[in-house]
Amino acid sequence: MAQSALTASKKRLKNAVHRSEASSRDGILERLFTFAFKGLVYPQIWEDPDVDMKALRLTPDSRMVAIASGGCNVMSYLTANPAEITAVDLNRAHVALGRLKLAAAKHFPNYETFYRFFGEADEKANIAAYERFLKANLDPETVHYWEGRDLANWGRKRITLFSRDLYHHGLLGYCIGAGHLVARLYGIDPKHMVRAKSLEEQRSFFDTALAPLFDKRLVRWATSKKMSLYGLGIPPAQYDALVSGNADGNMSAVLKERLEKLACDFSMSDNYFAWQAFGRGYAPQSGESSGKSGPLPPYLKRDHFDDIRERAGRVRVLNRNFTEHLQSVEEDTLDAYVLLDAQDWMTDHQLNALWSEITRTARPGARVVFRTAAEPSLLPGRVADAILDRWTYQAEESLELGRQDRSSIYGGFHLYVYNG
């Protein structure tokens, strides 16, 4: 059972990423990315759920489908009280992480245990909590994943990540760690950013310490290689879209611009993405895991815990392709769709298949949000007019919400509303 699920997961991922002949340069890069993407990529999702919820305008009647990624945003959407959420992901590690979070919300005895497990994610007591409260309440496939062992964990069970700082692991965690290492080679400690007391101090540290790093020969050389961004979950096709934002095709300059927004546009007191990037974890909490100090994802805030627990049963997490799932959904039944940045990976054929199913399943007024590496929406000229003309692109709202997105890595945030 577990082996067949793994085989199906690998096949879906290959279908999503592979565009080129296996023997070509791009084909080799795509297959290397597929190999890297098989394990845990995002211990924390890197899209701002508050921005998503503003755009989606969820109500108690809303039925939605979202890409799961690390599961944080799916959990956070529950604070808006939708009727139903289906989370899908090609990566079985993300599926297992999402199911683990849902089980924890339902079965952990209190907020303190929940926060220690996912907010701190660095205590041996978490393994005991898994054994006592979660293992018996998880499906066999998820238990098989978390009790499995792999080389990335030096042969240890994957569940031990929660005793060894989850957020230092996964491709994203390793990528952030590598960035810190390079900075320290040049005498810069990125963690200094979390000690900034104002936007002015944040700007000063970025301008004087971080920005010059992107002009270093080593950094420019490394970021010119497509493999260097695999740790951010960026496949070769998305790398090309991201670098298109710079007239000289200079990826180092693009990353510098995106990091500048993360470092300078939002206060450290309100940006948990910046804490993860510069501090390599969430802000330390005062007292005994009170959850009252420091910015956190909505699902990890104490004030939301009871609601998350009560509503966790409304979510299901599936190891499926988004289009594949929609093909099993009845017409005119969904209100909200969250595509993250998945469309940057897609061919025109895949985009048209996806939007054909979104249009078929959408209720009038349904909303779709997604992000792109480049600034403009990628749909015009690629999705058939007969499909796209049934939707209205909310250009001004998209631009404003993109400015508010604290995750800061993307070039564009996009909102489409179904005309019916």
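Numbering-wise (this note's numbering), the sequence shown opens with residue 298 and increments by one. All residues carry an ideal CB built from backbone N, CA and C; glycine is no exception. Remember, it's a predicted structure, so these values are computed and weren't measured experimentally.
Presumed contact (8 Å Cβ cut-off) between residue i and residue j, rounded CB distance
i           : j           : result
residue 677 : residue 685 : 7 Å
residue 550 : residue 559 : That belief does not hold up - the Cβ atoms of residue 550 and residue 559 are roughly 15 Å apart, past 8 Å.
residue 345 : residue 702 : 5 Å
residue 414 : residue 426 : 6 Å
residue 630 : residue 654 : That belief does not hold up - the Cβ atoms of residue 630 and residue 654 are roughly 12 Å apart, past 8 Å.
residue 582 : residue 591 : 6 Å
residue 366 : residue 637 : 6 Å
residue 467 : residue 634 : The pair is not a contact, with the Cβ atoms about 25 Å apart (cut-off 8 Å).
residue 578 : residue 471 : Their Cβ separation, rounded to whole angstroms, is 15 Å, which puts residue 578 and residue 471 out of contact at 8 Å.
residue 683 : residue 565 : Actually they do not touch by this definition, with Cβ atoms about 47 Å apart.
residue 675 : residue 694 : About 18 Å separates the two Cβ atoms, so there is no contact after all.
Residue i, DSSP secondary structure in three states
i           : result
residue 554 : helix
residue 669 : strand
residue 462 : coil
residue 474 : helix
residue 355 : coil
residue 699 : helix
residue 588 : In this prediction, residue 588 has a pLDDT of 41, which is less than 50 and means its spatial position is unreliable; nothing more can be read from the coordinates.
residue 631 : strand
residue 706 : coil
residue 596 : helix
residue 485 : coil
residue 403 : helix
residue 508 : helix
residue 688 : strand
residue 384 : strand
residue 661 : strand
residue 454 : strand
residue 429 : helix
residue 500 : helix
residue 446 : strand
residue 344 : coil
residue 335 : coil
residue 396 : helix
residue 581 : coil
residue 626 : coil
Residue range of the beta strand (DSSP E) that includes residue i
i           : result
residue 713 : 709 to 715
residue 360 : 360 to 364
residue 376 : Looking at the DSSP string, residue 376 is not in any beta strand (DSSP E), and its letter there is neither H nor E.
residue 614 : 612 to 615
The alpha helix (DSSP H) enclosing residue i, as first and last residue numbers
i           : result
residue 424 : 422 to 426
residue 537 : 533 to 540
residue 636 : No alpha helix (DSSP H) holds residue 636; DSSP gives it neither H nor E.
residue 518 : 514 to 520
residue 410 : 408 to 412
residue 619 : 619 to 623
Residues that residue i bridges to, as DSSP identifies them
i           : result
residue 608 : Bridge partners of residue 608: none, in fact.
Contact the stretch 426 to 446 vs the stretch 403 to 413: 3+ CB pairs below 8 Å: yes
Stretch pair the stretch 604 to 617 + the stretch 636 to 651: three plus CB contacts closer than 8 Å: no
Cβ contact check for the stretch 516 to 535 and the stretch 485 to 492: 3 or more pairs under 8 Å: no
Touching by the beta-carbon criterion (3+ pairs, under 8 Å), the stretch 382 to 392 and the stretch 658 to 667: no
Stretch-stretch touch, CB-based, cutoff 8 Å, three pairs: the stretch 349 to 365 with the stretch 380 to 389: yes
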